[in-house]
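As structure tokens, the structure follows; a few thoughts come after it.
Chains as they are written, first to last, in the working numbering: chain L, 1 to 633; chain G, 1 to 219.
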């Protein structure tokens with residue numbers, strides 16, 4: 001990450017930034033005063049950047065930023081700052097908005113005082129997610145404006161302008177990005193870093209606005225509808241929604257990344273079509289769309305995921321141009337699922353217009369898929385030395401592998417893969433403990449739930465209280481690797497660190513469990529397999545809910561720490577005592593254990609030196625390289 | 001400071017004519033695919049060219065298959081390279097070349113490091129890792145020009161196995177007409193790698209370049 005460029009105070013300079021860094025920079029240029037987030041791919045680099053910039057700019061341009069325990073808390077914190085008149089953002093991945101939705105729907109009634117932006121980072125193709133929901137609908141159902149950029153430059157501009165839009169309308173604004181925009185890099189032109197000092201304010205009380213008792217909610221709804229009408233007028237005037245004239249009877253209605261894919265597809269197809277790019281996804285620029293579709297006979301709608309624009313344009317066309325031929329997902333020209341690519345869009349436009357794409361993508365893909373049949377898969381896996389691998393192995397030893405394993409969202413979800421196969425259910429953040437409550441009533445087997453440390457704080461505490469209160473029986477293993485690993489190692493209450501490097505209060509997971517009333521709580525280092533297995537056996541024998549905290553720092557952090565301190569990693573090696581039983585690779589697993597022919601070897605460059613495989617080997621054939629060399633000499 | 005000075009004096013002659021040039025970079029985590037991509041992107045920016053890059057993060061990142069779409073030129077708008085339209089498939093590992101083979105244009109170039117990194121899926125015994133000969137054959141069915149190089153060996157010869165990515169940059173620079181000059185590419189390497197590793201990286205680049213020179217003469 002190039003923080004140097006993100007915080008650079010050199011307006012006009014062109015820098016090469018990641019989409020998420022450009023968005024963070026835009027918020028700073030837009031005079032952000034408070035940000036709150038729960039990390040989630042693909043949003044994480046926005047928050048990582050703001051966290052680091054916050055510390056870097058301290059004293060020059062002051063703003064506050066916190067990692068909140070979950071998205072609802074983040075949203076509410078940002079809403080609080082906005083109610084007091086300060087510009088605020090809440091940043092989360094698409095599914096995080098579901099968690100924050102309760103606050104979102106009602107905050108729309110109250111409205112924003114200081115500019116308020118909710119960043120929803122959607123993940124078409126579910127690259128790092130449990131679903132690929134399309135959050136444009138949230139704007140529609142919560143009566144909140146949604147803006148969606150198409151390029152990195154536009155993301156930078158719009159994140160800067162979004163506070164103004166929010167304040168002008170008196171409404172929270174949803175800023176929607178997607179994986180391929182957040183994780184693409186391009187060149188942006190830097191704006192100014194503001195230099196106004198931060199001052200605390202007195203809150204201006206007004207219960208008729210801020211207290212949503214039913215009477216106020218009813219008047220609030222009327223005000224909200226009036227504001228949305230203003231937003232509609234803004235959408236129709238805004239240059240962010242624009243029509244590019246063409247020389248044919250064909251028009252393309254598009255937005256988000258669909259726009260850039262459409263531009264390229266038109267280039268390859270050599271088509272001079274009319275193009276309308278929509279940036280305000282809610283409210284839609286209905287008058288502009290009406291003008292646009294009056295000019296053409298055939299319309300192709302290019303948008304990722306749900307047929308959102310398509311559905312709306314059908315309604316608009318009914319009055320304006322009932323004979324308009326509308327192509328999109330409903331006509332089968334475009335797929336309903338997964339992210340778009342240039343070839344998907346080129347094929348879709350071609351098929352809508354009865355043409356053939358310039359390249360036979362289908363043929364290439366089919367031929368490639370055939371050729372790839374000889375390829376060994378390289379799915380995501382747990383890292384060498386990952387403490388989760390040790391925990392899963394010990395859990396299986398203790399249960400005799402006959403238990404049911406609900407789990408949760410994090411690196412450890414990868415325990416689903418063989419040979420570990422210790423993840424049977426993953427629903428949503430906190431869903432592991434949640435589902436275990438119901439399962440404990442109806443399932444015969446022992447239940448062992450695994451959740452991460454950050455996930456524990458995020459949404460597991462209410463369901464754990466539910467388990468204690470209702471006498472539900474299962475074992476909860478908190479895989480405490482001292483960080484939010486999957487999203488890039490953000491801190492959380494169980495680490496005691498805070499976003500901008502300040503010291504916070506350390507909240508031990510075991511103390512939380514005990515205070516809730518869990519009467520079996522143990523902390524164990526999973527690298528000690530025998531100990532962890534023994535603790536698990538006792539936990540399984542306990543007659544109510546039991547909590548085991550498997551505490552060991554993420555191997556990536558451990559490696560980083562050793563590198564900083566100049567400590568050499570001591571790898572392990574396989575000796576001649578190896579009987580080729582293959583237990584280490586077929587019931588345990590580690591990327592550093594490599595099978596060459598029928599012989600297991602250890603890749604020294606990958607080995608983290610955790611020594612867990614040493615405990616797995618029944619023949620003592622895996623030893624520390626130091627020991628092996630001493631014995632030889 | 002150094003960056004800015006170079007940017008001002010950048011050779012801009014090629015920027016006018018470059019409409020679209022796509023490089024697909026693939027490899028396994030830790031091989032330097034992201035660094036190689038950064039070097040290419042920087043060289044493009046130094047040459048005054050428009051550049052877009054798309055990479056993989058998060059869950060998709062754990063476990064090693066790394067892919068970066070690099071798109072250079074004035075007529076490029078989307079972050080992803082279309083199927084069949086990469087001018088170069090730049091692969092730091094043989095199976096990772098085959099994994100993304102649909103991206104390379106039939107007129108395109110594949111440069112591939114032949115040093116295998118066997119994925120743990122092979123450990124389970126259900127799948128085998130194909131031979132380099134077999135992979136090379138398949139690659140040739142998709143692209144006009146395929147250059148196989150043991151970049152690991154050349155990197156070791158240069159003085160550091162970690163320079164395999166820079167060896168590959170040298171191979172690519174000789175094997176195809178890039179939208180920026182080799183001097184700018186080398187300048188970009190200089191600005192990217194740590195100062196103490198400069199010499200070994202320059203040597204790695206030259207070894208790759210010379211290898212491609214010889215390879216192409218023999219073809």
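Where is the CB? At the ideal position from N, CA and C, for every residue including glycine.
Source: prediction; values computed, not measured.
Exercise. State yes or no: is the beta carbon of residue 16 of chain L nearer than 8 angstroms to at least one beta carbon in chain G?
Key: yes
Quiz item: Near residue 585 of chain L, what residues of its chain come up, given a Cβ to Cβ distance below 7 angstroms and the 5 sequence neighbours on each side ignored?
Solution: 593, 595, 600
Quiz prompt | Given residue 444 of chain L as reference, the closest of L:455, L:485, L:402, L:353 once Cα atoms are compared | solution = L:402
Quiz item: Does the beta carbon of residue 517 of chain L sit closer than 8 angstroms to a beta carbon anywhere in chain G?
Solution: no
Exercise. Round the Cβ separation of residue 15 of chain L and residue 188 of chain L to the nearest angstrom and send it over; I've been treating them as touching at under 8 angstroms.
Key: 6 angstroms
Quiz item: Where do the ends of the alpha helix (DSSP H) carrying residue 7 of chain L lie?
Solution: No alpha helix (DSSP H) holds residue 7 of chain L; DSSP gives it neither H nor E.
Quiz item: Smallest Cα separation from residue 140 of chain L: which of L:37, L:280, L:26?
Solution: L:280
Quiz prompt | residue 40 of chain G versus residue 123 of chain L - alpha carbon distance | solution = 27 angstroms
Quiz item: From the beta carbon of residue 343 of chain L, is the nearest beta carbon of chain G less than 8 angstroms away?
Solution: yes
Practice problem: Could you have a look at residue 504 of chain L and say whether DSSP puts it in helix, strand or coil? | Solution: coil
Practice problem: Taking only the alpha-carbon atoms, compute the straight-line gap between residue 527 of chain L and residue 346 of chain L and give it to the nearest angstrom. | Solution: 52 angstroms
Practice problem: Kindly indicate if chain L contains any beta-carbon less than 8 angstroms away from that of residue 190 of chain G. | Solution: no
Quiz prompt | Residues of the segment 177–192 of chain L whose Cβ lies closer than 9 angstroms to any Cβ of chain G, in chain order | solution = 179, 180, 181, 182, 183, 184, 185, 186, 187
Quiz item: Is the Cβ of residue 361 of chain L closer than 8 angstroms to any Cβ of chain G?
Solution: yes
Quiz item: Is residue 264 of chain L close to chain G, meaning its C-beta is less than 8 angstroms from at least one C-beta of that chain?
Solution: yes
Quiz item: Hey, residue 185 of chain G and residue 173 of chain G: beta-carbon distance below 8 angstroms or not?
Solution: yes
Self-check item: Residues from the segment 101–134 of chain G in contact with chain L, defined by Cβ distance under 8 angstroms
Solution: 101, 102, 118, 119, 120, 121, 122, 123, 124, 125, 127, 128, 129, 130, 134
Quiz item: Just the Cα atoms here: how many angstroms apart are residue 313 of chain L and residue 272 of chain L?
Solution: 21 angstroms
Practice problem: Kindly list the residues whose CB is nearer than 6 angstroms to the CB of residue 288 of chain L, restricted to its own chain and excluding five residues on each side of it in sequence; keep chain order. | Solution: 236, 241
Quiz item: Apart from the five residues just before and just after residue 438 of chain L, which ones in its own chain have a Cβ nearer than 7 angstroms to its Cβ?
Solution: none
Quiz item: So which residues on chain L does residue 80 of chain G lean against when the C-beta distance must stay under 7 angstroms?
Solution: 180, 341, 342
Quiz item: For residue 149 of chain L, which of L:127, L:48, L:301, L:258 has the nearest alpha-carbon?
Solution: L:258
Quiz item: Taking only beta-carbon atoms, is residue 51 of chain G less than 8 angstroms away from chain L?
Solution: yes
Practice problem: Give the single residue among L:98, L:455, L:441, L:192 whose Cα lies nearest to the Cα of residue 29 of chain L. | Solution: L:192
Quiz item: Hey, how far is the Cα of residue 503 of chain L from the Cα of residue 65 of chain G?
Solution: 36 angstroms
Quiz item: By DSSP, does residue 395 of chain L sit in helix, in strand, or in coil?
Solution: helix
Quiz item: Are the beta-carbon atoms of residue 32 of chain L and residue 63 of chain L separated by less than 8 angstroms?
Solution: yes
Quiz item: How many angstroms separate the CA atom of residue 284 of chain L from the CA atom of residue 175 of chain L?
Solution: 15 angstroms
Quiz item: So is residue 371 of chain L in contact with chain G if we call contact Cβ pairs under 8 angstroms?
Solution: yes
Quiz item: Fully enclosed by the segment 525–571 of chain L, which beta strand (DSSP E) runs are 3 residues long or longer?
Solution: 546–551
Quiz item: Are there 16 or more other CB atoms within 10 angstroms of the CB of residue 112 of chain L, so buried, or fewer, so exposed?
Solution: buried
Quiz item: Got a sec: is the Cβ-Cβ distance from residue 374 of chain L to anything in chain G below 8 angstroms?
Solution: yes
Practice problem: Compute the distance between the beta-carbons of residue 570 of chain L and residue 609 of chain L, then report whether it is under 8 angstroms. | Solution: yes
Quiz item: If you run the structure through DSSP and keep just helix, strand and coil, what is residue 437 of chain L?
Solution: helix
Quiz item: If you compare alpha carbons, which of L:623, L:295, L:57 is closest to residue 198 of chain L?
Solution: L:57
Quiz item: Rounded C-beta distance between residue 275 of chain L and residue 348 of chain L? I'm assuming under 8 angstroms.
Solution: The Cβ separation is near 15 angstroms, so there is no contact.
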